[in-house]
Each structure stands twice: as C-alpha cells, then as structure tokens.
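Novice: Before I ask anything, let me first share the structure, which is written out below as structure tokens.
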Amino acid sequence: MVSEIYDRITKKLTAAEPVVKGMRLAAVSMIISDEDRPSVLLIRRAERSGDPWSGQIAFPGGKMQLGDGTPLRTAVRETDEEVGIDLSTSSSFIGYGQVATTHTGTMEVVPAVFLLRNEVDVTPNEEVASYLWADLRELAGSRTTYSLDVGDKAVQMPAFQVEDYVVWGLTHRILSSAMEG
C-alpha cells in the first residue's frame with residue numbers, strides 16, 4: 002500500500018522540463034527509498050572554506066554544467082559524484098518538484114525526484130561528511146526551529162529534525178513544498 006506522504010509528493014510532480022528565469026541553475030536529487038515506508042536520502046555537507054552551504058543538511062546535487070543539458074542529467078551526475086549512486090540504473094525518475102530560488106536570489110534549484118528500484122550503497126565523496134536515510138513520516142512530524150546567527154542577532158528559522166540532522170533553509174523549503182497538502 003502506497004503511503005499517504007508518498008502519494009502527496011508524487012501528485013505534485015511534473016515530467017515537463019522546468020521553466021526557469023535565466024539565472025544560474027542547480028539540481029538536487031530527492032531520492033525516495035520505498036513507496037510504502039518512504040525514506041529520503043539527506044547528506045551533511047563537509048565543512049569547506051568558501052562553501053556557502055558548508056556543514057548544512059542537503060540533498061545530493063549541484064550546479065548545472067555545460068553539457069548536462071537538463072536538470073535531470075545534472076541531478077544524476079551530481080548524485081553519482083557526491084554519493085556514488087547511479088540513479089540511471091538504480092531508480093526511476095518520477096518527476097520534477099517545484100523550482101526554488103536560493104536566499105540570495107541568484108540561483109534556481111530544481112528538485113528531481115527518484116524512486117529507488119533496488120538497494121544501493123552510499124559512498125560519500127569529500128564534499129559529503131555523512132548521510133542519513135530519513136523516514137519521511139518522521140521528518141514531517143518533527144517540525145521545530147533552527148536559530149541562525151545573522152550579524153549580532155539570532156533569527157529563528159522553520160526546520161525539521163531527525164536524529165542530529167537539522168534541516169532548514171532551502172532543503173527545508175523543498176521538503177515542505179513536496180510534503181504539504
């Protein structure tokens with residue numbers, strides 16, 4: 002039996018190539034492990050000087066490169082590079098989620114959603130400090146806040162928390178958009 006949360010997510014997806022505003026483009030992979038008991042792969046980005054997402058919880062993914070052609074190809078390439086999963090052989094692409102704009106307003110991020118067809122080994126590269134398969138029902142029920150220091154004041158951001166993974170910012174917005182309904 003397909004879970005309600007999986008059904009909610011997939012009803013919002015589209016196979017149509019996303020319409021973007023002409024700014025820089027990135028794509029992320031929302032990899033779902035199972036329709037009945039869906040979990041999603043989250044990564045903790047490695048701490049790296051100059052990386053604005055250093056140490057944050059994210060989906061595998063990154064900037065579109067010349068030759069990628071589509072956000073789908075970008076998501077597949079970046080996922081293979083970052084976590085060693087070849088989505089072209091281990092999953093089915095089930096559609097694109099809603100395009101999100103980074104907080105700086107300089108890049109659009111396209112979520113590509115995949116359903117795994119078989120078990121995979123996750124092999125993080127140097128960009129990834131750790132990973133977690135997060136149960137989507139547990140994630141949806143874990144709403145909390147994250148305190149972000151901006152200058153001299155703390156700003157409370159909406160977040161999800163599973164184990165020691167606090168999901169906020171862009172990843173939180175993508176997950177929230179996918180799961181609401």
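Going from the sequence shown to our numbering is simple: count from 1 and add 1.
Ideal Cβ placement from N, Cα and C applies to all residues, glycine included.
Here the structure is a predicted model, which means the values were calculated and not measured.
Identify, in the order they occur along the chain, each residue of the same chain with its Cβ nearer than 6 Å to the Cβ of ILE10, setting aside the five sequence neighbours on each side.
Specialist: If you number the sequence shown from 1, residue 10 lands on position 9. So the qualifying residues of the chain are ALA179.
Novice: Can you check which of these residues, HIS173, SER143, VAL168, GLU128, is closest to GLY63 by C-alpha distance?
Specialist: The count along the sequence shown starts at 1 and reaches residue 63 at position 62. Checked all of HIS173, SER143, VAL168, GLU128; the closest Cα to GLY63 is GLU128.
Novice: Consult DSSP for ILE77 and reduce its assignment to one of helix, strand or coil.
Specialist: Taking the first residue of the sequence shown as position 1, residue 77 is located at position 76. Correcting the residue identity first, residue 77 is Val in this sequence and not Ile. Of the three classes helix, strand and coil, the one that applies to VAL77 here is helix, per DSSP.
Novice: Short of 7 Å in beta carbon distance, which residues of its chain neighbour VAL77, apart from the five on each side in sequence? Order them along the chain.
Specialist: Working through the sequence shown from its first residue, we reach residue 77 at position 76. Excluding sequence neighbours, VAL77 sits near LEU88, SER89.
Novice: Are the beta-carbon atoms belonging to PHE60 and VAL29 less than 7 Å from one another?
Specialist: On the sequence shown, residue 60 is found 59 positions in, with the first residue counted as 1. On the sequence shown, residue 29 is found 28 positions in, with the first residue counted as 1. Yes, the pair counts as a contact, with Cβ atoms nearer than the cut-off.
Novice: Alpha carbons only, please: which of SER4, SER93, ILE44, ASP37 is nearest the one belonging to ALA16?
Specialist: Taking the first residue of the sequence shown as 1, we reach residue 16 at position 15. When only C-alpha atoms are compared, the closest one is SER93.
Novice: Roughly how many angstroms lie between the CA atoms of ASP35 and LEU176, to the nearest whole one?
Specialist: Stepping through the sequence shown from its first residue, residue 35 is reached at position 34. Stepping through the sequence shown from its first residue, residue 176 is reached at position 175. So the alpha carbons of these two residues sit roughly 16 Å apart.
Novice: Just to confirm the assignment, what range does the alpha helix (DSSP H) spanning LEU171 have?
Specialist: Walking along the sequence shown from the start, residue 171 turns up at place 170. It spans 170 to 180 - the alpha helix (DSSP H) in which LEU171 sits, taken as one unbroken run.
Novice: Within 10 Å of its beta-carbon, does LEU43 have 16 or more other beta-carbons around it, so buried, or fewer, so exposed?
Specialist: Counted from its first residue, the sequence shown places residue 43 at position 42. So LEU43 ends up on the buried side.
Novice: How is THR146 classed by DSSP in three states: helix, strand or coil?
Specialist: Position 145 of the sequence shown, counted from the start, is the residue given in the question as residue 146. Strand, per DSSP.
Novice: Look at the alpha carbon of VAL168 and the alpha carbon of ILE86, and state the distance between them as a whole number of angstroms.
Specialist: For the purposes of this step, residue 168 is identified with residue 167 of the sequence shown, where counting begins at 1. For the purposes of this step, residue 86 is identified with residue 85 of the sequence shown, where counting begins at 1. One C-alpha to the other measures close to 22 Å.
Novice: Which residues bound the beta strand (DSSP E) around ILE33?
Specialist: On the sequence shown, residue 33 is found 32 positions in, with the first residue counted as 1. Its beta strand (DSSP E) spans residues 25 to 33.
Novice: Within 10 angstroms of the Cβ of ALA160, are there 16 or more other Cβ atoms? Answer buried if so, exposed if not.
Specialist: Working through the sequence shown from its first residue, we reach residue 160 at position 159. By the 10 Å Cβ count, ALA160 comes out buried.
Novice: Using 10 angstroms around the beta-carbon of VAL156, count the other beta-carbons present and answer buried if the total reaches 16, otherwise exposed.
Specialist: Here residue 156 corresponds to residue number 155 of the sequence shown, with the count starting at 1. That one is exposed.
Novice: Starting from ALA113, follow its DSSP beta bridges and name the residues at the other end.
Specialist: Residue 113 sits at position 112 when you count from the first residue of the sequence shown. Per DSSP, SER30, TYR97.
Novice: At which residues does the beta strand (DSSP E) containing LYS64 begin and terminate?
Specialist: Within the sequence shown, numbered from 1, the residue matching residue 64 stands at position 63. Run containing LYS64: 62 to 64, per the beta strand (DSSP E) assignment.
Novice: Give the C-beta separation of ALA135 and ALA47 to the nearest angstrom, bearing in mind that I take them to be a contact with Cβ-Cβ under 8 Å.
Specialist: As a working mapping, residue 135 is identified with position 134 in the sequence shown. As a working mapping, residue 47 is identified with position 46 in the sequence shown. 19 Å between Cβ atoms; not a contact.
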